[in-house]
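Below: the structure, in structure tokens.
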Amino acid sequence: MEQNKAFIQVKNLKKYFKVGRKAILKAVDDVTFDIRKGETLGLVGESGCGKTTCGRTILGLYSATDGDVIFDGINVHKLKGKEKKEFTKRAQIIFQDPYASLNPRMTVSDIVSAGMDIHDMYTPRERLERVYELLNLVGLNKEHASRFPHEFSGGQRQRIGIARALALEPEFIVCDEPISALDVSIQAQIVNLLIKLQKELGLTYLFIAHDLSMVRHISDRVGVMYLGNMVELTGSMRLYEKPLHPYTKALLSAIPVPEPNIARNRKRIRLEGEVPSPINPKPGCRFVTRCSYAKKECYEDTPVLKEVEPDHFVACHLY
1 MEQNKAFIQV KNLKKYFKVG RKAILKAVDD VTFDIRKGET LGLVGESGCG
51 KTTCGRTILG LYSATDGDVI FDGINVHKLK GKEKKEFTKR AQIIFQDPYA
101 SLNPRMTVSD IVSAGMDIHD MYTPRERLER VYELLNLVGL NKEHASRFPH
151 EFSGGQRQRI GIARALALEP EFIVCDEPIS ALDVSIQAQI VNLLIKLQKE
201 LGLTYLFIAH DLSMVRHISD RVGVMYLGNM VELTGSMRLY EKPLHPYTKA
251 LLSAIPVPEP NIARNRKRIR LEGEVPSPIN PKPGCRFVTR CSYAKKECYE
301 DTPVLKEVEP DHFVACHLY
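Taking the working numbering, the leading residue of the sequence shown gets 1, the next gets one more, and so forth.
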């Protein structure tokens with residue numbers, strides 16, 4: 001498949017949750033984007049913006065309220081039975097919390113090989129050899145296979161989680177904030193490991209994160225979400241050098257700069273105003289109550305994500 005051709009197409013994806021008799025929480029609301037074969041698409045935004053829900057809905061861990069996810073020409077949300085089981089071999093997830101995502105009663109070998117058991121892959125001997133191979137691939141060794149999760153550090157546990165995600169030889173992996181629960185000193189090691197594995201195995205990533213500087217390091221393109229909507233999507237370098245949406249500009253202005261002289265003269269954009277509730281949201285732009293450029297149109301019409309420059313999409317009435 002060509003590098004610039006969409007491998008995964010997310011079309012008007014919606015995921016709503018009932019939170020009362022009439023209240024609807026619109027966690028993901030009409031989101032459209034694509035992911036190209038072999039690339040890393042970063043997904044950023046504040047806590048509660050719908051990043052994780054979007055990733056899990058793409059994989060089918062949550063059933064979509066509306067919209068389609070086309071994976072290599074197949075509509076994921078219409079799969080059932082054997083076809084859906086086959087899809088899970090091709091698409092996996094690395095969870096955020098390496099402490100909560102590993103069963104404390106299972107050995108590392110059992111955790112990593114669980115998917116192989118479900119899909120009836122390999123003989124018992126081949127399975128153990130595959131576990132050793134995967135542990136070596138993520139920077140652990142075969143002596144670790146018989147140990148339990150509590151015997152490992154956070155970084156080592158996340159390596160086990162990565163090995164588990166790779167066990168079925170997937171083509172696509174959702175990395176759901178895989179570094180946010182780790183020490184800063186370990187974060188770069190895990191990100192560099194993911195980059196190395198992508199090159200060696202030809203993987204495609206959806207990389208969900210809060211750390212904007214780390215997203216810049218690993219991503220080819222970056223999408224910015226705000227309260228369930230995609231507000232900007234473009235190449236990583238372009239987004240960081242020329243952000244268009246007011247929310248993106250505010251996000252990027254908050255990135256710490258290691259050079260004191262630059263940091264001292266840098267203008268931080270501080271957002272004021274109330275964050276609207278994602279429960280039964282009003283028409284118009286979700287960012288309108290915190291935007292210094294807001295005009296009448298912003299309160300009445302919801303902006304649509306549109307291409308304003310080549311491969312640079314933004315949902316804002318300013319453009």
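We treat Cβ as the ideally placed atom computed from N, Cα and C, and that holds for glycine.
V19 counts as exposed, since fewer than 16 other beta carbons sit within 10 angstroms of its beta carbon. Taking 3 residues as the shortest admissible run, the segment 67–143 contains the following complete beta strand (DSSP E) segments, listed from N- to C-terminal end: 91–94. Only residues of its own chain outside the window of five on either side were considered, and among them V288 have a CB closer than 7 angstroms to the CB of A294, listed in chain order.
DSSP places A23 in no beta strand (DSSP E); its state is neither H nor E.
G273 has its alpha-carbon roughly 18 angstroms from the corresponding atom of G228.
Residue state for I160 is assigned as helix, using DSSP reduced to three classes. Under the Cβ criterion (8 angstroms, minimum of three pairs), the segment 177–187 counts as touching the segment 93–106.
Nearest neighbour of R221 by Cα position, chosen from G81, E133, V174 and G42, turns out to be G42. With distances taken between CA atoms, T88 lies nearest to I173 out of I173, K142, T123 and V10. Taking the Cα positions, I218 is about 11 angstroms away from I208. If you look at C175, you'll find it in the beta strand (DSSP E) that goes F172 to D176.
Partner residues in the beta bridge of K11, as assigned by DSSP, are D68. Only residues of its own chain outside the window of five on either side were considered, and among them P170 and E171 have a CB closer than 6 angstroms to the CB of R90, listed in chain order. Burial state of T204 is buried, judged by a 10 Å Cβ sphere holding 16 or more other Cβ atoms. Here the alpha carbon of A145 sits roughly 10 angstroms from the alpha carbon of L134. Rounded to the nearest whole angstrom, the CA to CA distance from D29 to R268 is 29 angstroms.
For I208, the uninterrupted beta strand (DSSP E) segment begins and ends at T204 to I208. Annotation: the continuous beta strand (DSSP E) that includes E309 extends over K306 to E309.
Per DSSP, the beta-bridge partners of G42 are F207 and V222. In the DSSP assignment, the residues bridged to A6 are R36. With a beta-carbon spacing of about 16 angstroms, I111 and G154 fall beyond the 8 angstroms limit used to define contacts.
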